[in-house]
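Undergrad:
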Amino acid sequence: MLRRTLLKLAALSGLSAALPRPARASSPAAPPARVVVVGAGPAGISAAIELAERGVAVTLIEADAQVGGKVKGWTETLGADAVDVEHGVHGWWHQYVHFKDLLRRADLHHRLNERDPKGTYRWAGGEMNANTRRGFRAFVGRFRAESKNLGYERFQRDLRAGLKYLQSLEPAAARATLGGRSVTQWHKDGAPLTLWRVFADETAHSMYFVPPEQLDAAEFALGERFYFAESRDTVSVQWLRGNPQTELWEPLIARLKSLGGQVRLNARVSEVEVVDGRAVGVHLGKPSPGVHVAELPYGWTELPREGGEGSIFVRRDEDDRLTALSGRCTHAGCPLTLTPGEGFTCPCHGGRFDEEGQPIAGPPEAPLQRLWADWGGDGVTIEGEPSAEFVPAEWVILALDAPGLRAVAGDILPAVKRLRTVPANVARFWLDRDLPEELGHAVIFTELPHISNGFLLHRLQDKARAWAEARGGGAVIELQAYKNMDPALSREATLDLIEADLRAAWPELKEAKVLKRTLTVSNTFTSFHPGWHEGSLPVVTAVPGLLLAGDHVTTDRVCAFMEKAVFTGRLAANEVLEALGLPKAKVLDSA
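Residue numbers (this note's numbering): 1094 to 1684.
1) Thinking C-beta only, is V1128 closer than 7 Å to A1492?
2) Would you decide whether D1649 is buried or exposed? Buried here means 16 or more other CB atoms lie within 10 Å of its CB.
3) Can you name, in chain order, every residue of its own chain whose Cβ lies under 8 Å from the Cβ of L1664, other than the five neighbours on each side?
4) What is the DSSP secondary structure of L1431, counted as helix, strand or coil?
5) Compute the Euclidean distance between the alpha carbons of G1436 and L1612, then round it to the nearest angstrom.
6) Is the CB-CB distance between A1254 and R1348 below 7 Å?
7) Just to confirm my understanding: we take K1510, look at its own chain, exclude 5 residues before and 5 after, and list those with CB closer than 6 Å. What are they?
8) Return the bridge partner residues of R1357 from the DSSP annotation.
9) Find out if the Cβ-Cβ distance for the pair R1610, F1522 is shorter than 7 Å.
10) Compare the beta carbon distance of H1543 and V1569 with 7 Å and say whether it is the shorter of the two.
11) Looking only at its own chain, which residues have a Cβ that is under 7 Å from the Cβ of A1116, when we skip the five neighbours before and after it?
12) Considering Cα atoms alone, identify which of A1574, E1143, D1527 and L1464 is closest to V1599.
13) Tell me the rounded alpha-carbon separation between L1067 and V1407.
14) Under 8 Å, with one C-beta from each stretch per pair, do the region 1295–1311 and the region 1270–1284 reach the 3-pair mark?
15) What is the C-beta distance between Q1462 and S1404, in whole angstroms, given that I count them as a contact (C-beta under 8 Å)?
16) Do the region 1189–1205 and the region 1352–1359 touch if we need at least three Cβ pairs shorter than 8 Å?
17) Looking at the secondary structure, which residues open and close the alpha helix (DSSP H) in which L1587 lies?
18) So, is V1368 buried or exposed, given that buried needs 16 or more other C-beta atoms within 10 angstroms?
19) Based on the DSSP output, what are the partners of F1483 in its beta bridges?
20) What is the DSSP secondary structure of D1644, reduced to helix, strand or coil?
21) Could you please give the first and the last residue of the uninterrupted alpha helix (DSSP H) stretch that includes K1609?
22) Should P1518 go down as buried or exposed, given a rule of 16 or more other Cβ atoms within 10 Å for buried?
23) For P1433, is the classification buried or exposed, using 16 other Cβ atoms within 10 angstroms of its Cβ as the cut-off for buried?
24) T1661 to D1682, Cα distance in whole Å?
25) Going straight from the alpha carbon of D1447 to that of A1417, what length do you get?
26) Please look up how many angstroms separate the CB atoms of N1359 and A1158, rounded, as I've assumed it's under 8 Å.
27) Run through the DSSP bridge pairs and tell me what V1178 is partnered with.
28) How many Å lie between W1465 and V1384 at the Cα?
29) From the DSSP secondary-structure annotation, give me the bridge partner or partners of P1631.
30) May I ask you to report which of helix, strand or coil DSSP gives N1224?
31) Keeping to the same chain, check which residues put their C-beta closer than 6 Å to that of N1336; ignore five residues upstream and five downstream.
32) Measure the alpha-carbon distance for H1442 versus V1515 and round it to whole angstroms.
33) Out of curiosity, what's the CA-to-CA distance linking I1490 and E1458?
34) Going by beta-carbon coordinates alone, are S1240 and I1537 separated by less than 7 Å?
35) Just to confirm my understanding: we take T1430, look at its own chain, exclude 5 residues before and 5 after, and list those with CB closer than 6 Å. What are they?
36) Buried or exposed: which applies to I1154, given that a residue is buried once 16 or more other Cβ atoms fall within 10 Å of its Cβ?
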């Protein structure tokens, strides 16, 4: 029986004073909130600002120490310089009308670079260097030739028919006719000629992080309509000028606070409270499972928690004193690994802590949480992270990624348990030399074994450009590796594979010295596998007062990724505004 249970029983019998415990700082009382938004990524920030702009009392709750969700950023050091690291989302397409409207209202539209034709995606592979204008013409020739190899004999006619098909495709019809089939199967069954039809492998990896046999055909077709068939301005991309944390998320949060919105970080929601069939608030910080062991050796021991919820690390010294630390990184809650004599390491973002739990490298700023531990007559009991409070609300908007949504609402919305995620490896390299100026700034790779996308960030982002110029030449290159990656490889081995692709992609860098390299590993991006819609729900759920937002939400509008997240955040806010009789946020025309 854990100490927490003993305390509850003791309180009921009036004996709690006999069980002293270490003092803890009490959690601040939650402010009264009419609306609670859970998750401070683009979807949650969008919903919260729409509500706050119209005077609604809103509290935005985020489990991590920083906002931004799947597109957050942070800084690390390179010598005396602070350099940016991110999750790899840089481009704002012309079609992101609601996202750009959000930025405009917060006076952040200037944080995007002006459109740069060399910054538009180029394709590179084989003997063709599509980073050049000559290469782009070669790409068009390759498109024609491969279309004929696939059986499309009349290129112009077939391409026009494919474009017409995409422009007429609606989400409900796509899900009904294509949903559940893989892209590979759809193409075998017969599909119209489009750009993505010919370059399915490259596009599936670049956009969705998986090969075409693992991608839903409906999502793929609707994605091509959104990005390449919505308007004439189909491939215009604006690039974020720098770290999304300082360029976007922190200013947006400042705006939310200036409007009266409340923001709570490091506050993990465990479940939605439902009373009489209606959502009435959320519980914060459900006590994490503790552990009890009959025997404990000297030195550090890793103890798995009940239910597979990570680990607790406990140290027994020669005087039988105990030190227990949470096994969750204070940056984003990732599970830690221990190297005795060196400390703790976060495999996701490169954070490191010494053996006392103090941060020594990477993005974490807060020390690891110390946990209560004590000897008993039958061994050692270590308590999990402490519980916290209940936050009441009239509406709850869950703007969470798939794992978070499953954990918080899987019991009341069983369909979301079917949602899955895909892994993403994003590496960044700082090099001692530059590339020729005429090369494109963003590249989709067609034939390299591991990397799918590449960005010359010293051409796209201000601080990266300043770093390269200050040292008299250099390059900051980000590579997104979504192909043939073994999750069992170490960080260094993974980086070695990506670096080999880097040098193969740009022979000019074959002898370049790598001054720093980082790897960000994430498993929170939505998986759009065949039939994924079975786990997708609309904004308005079957539980009154409970709304959803995110790129996994079902809508009748053709949109995707960040635009879909912001758009569904606006739709969720509109449901609340309509119920309160307040003006709704405008739903904008697509590009």
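Beta carbons: idealized from backbone N, C-alpha and C, even for Gly.
TA: Based on what the coordinates show:
1) Inclusion of A1492 and V1128 in the CB contact set at 7 Å is not warranted, their separation being larger than that value.
2) By the C-beta density criterion, D1649 is exposed, having fewer than 16 other C-beta atoms within 10 angstroms.
3) Excluding sequence neighbours, L1664 sits near V1632, A1642, T1648 and V1680.
4) Looking at L1431 - three-state DSSP - the assignment turns out to be strand.
5) Taking the straight line joining both Cα atoms gives about 19 Å.
6) It is not a contact, given that the beta carbons lie outside the stated cut-off.
7) Result list for K1510: R1499 and G1503, in chain order.
8) According to DSSP, R1357 bridges with I1154.
9) A contact, by the Cβ cut-off of 7 Å.
10) Not closer than 7 Å, so no.
11) In this predicted model, A1116 has a pLDDT of only 33, less than 50, meaning its place in the structure is not dependable enough to derive any value.
12) Looking at the sequence provided, one finds Trp at residue 1599 rather than Val. With distances taken between Cα atoms, W1599 lies closest to D1527.
13) The requested residue 1067 does not occur in the structure, where the chain is confined to residues 1094 to 1684.
14) Touching, yes.
15) At roughly 13 Å, the Cβ-Cβ gap does not stay under 8 Å, so Q1462 and S1404 are not in contact.
16) Counting Cβ pairs under 8 Å, fewer than three are found: no touch.
17) Sequence check: residue 1587 is Thr here, not Leu. For T1587, the enclosing alpha helix (DSSP H) starts and ends at R1584 to A1598.
18) Result: exposed.
19) Paired residues: H1376.
20) Coil at D1644, not helix or strand.
21) Going by DSSP, K1609 is part of no alpha helix (DSSP H) but of the beta strand (DSSP E) stretching over V1607 to T1619.
22) The sequence shown places Asn at residue 1518, rather than the Pro named in the question. With 16 or more other Cβ atoms within 10 Å, it is buried.
23) When all chains shown are included, P1433 counts as exposed.
24) C-alpha separation (whole angstroms): 14 Å.
25) Put simply, the backbone Cα of D1447 is about 13 Å away from that of A1417.
26) That belief holds up - the Cβ atoms of N1359 and A1158 are roughly 5 Å apart, short of 8 Å.
27) Answer is W1167, bridged to V1178.
28) Approximately 11 Å between the Cα atoms of the pair.
29) Paired residue(s): T1647.
30) Only weak support is given to the placement of N1224: the predicted model assigns it a pLDDT of 41, under 50, and the question is left unresolved by the model.
31) Non-local beta-carbon contacts of N1336 in its own chain, meaning distances under 6 Å to residues more than five positions away in sequence, involve G1166 and D1177 in chain order.
32) Between H1442 and V1515, the C-alpha separation is close to 17 Å.
33) Roughly 29 Å between the two C-alpha positions.
34) In this structure, the beta-carbon distance from S1240 to I1537 does not fall below 7 Å.
35) Once the five neighbours on either side are set aside, the close Cβ partners of T1430 are T1438.
36) With 16 or more Cβ atoms within 10 Å of its Cβ, I1154 is classed as buried.
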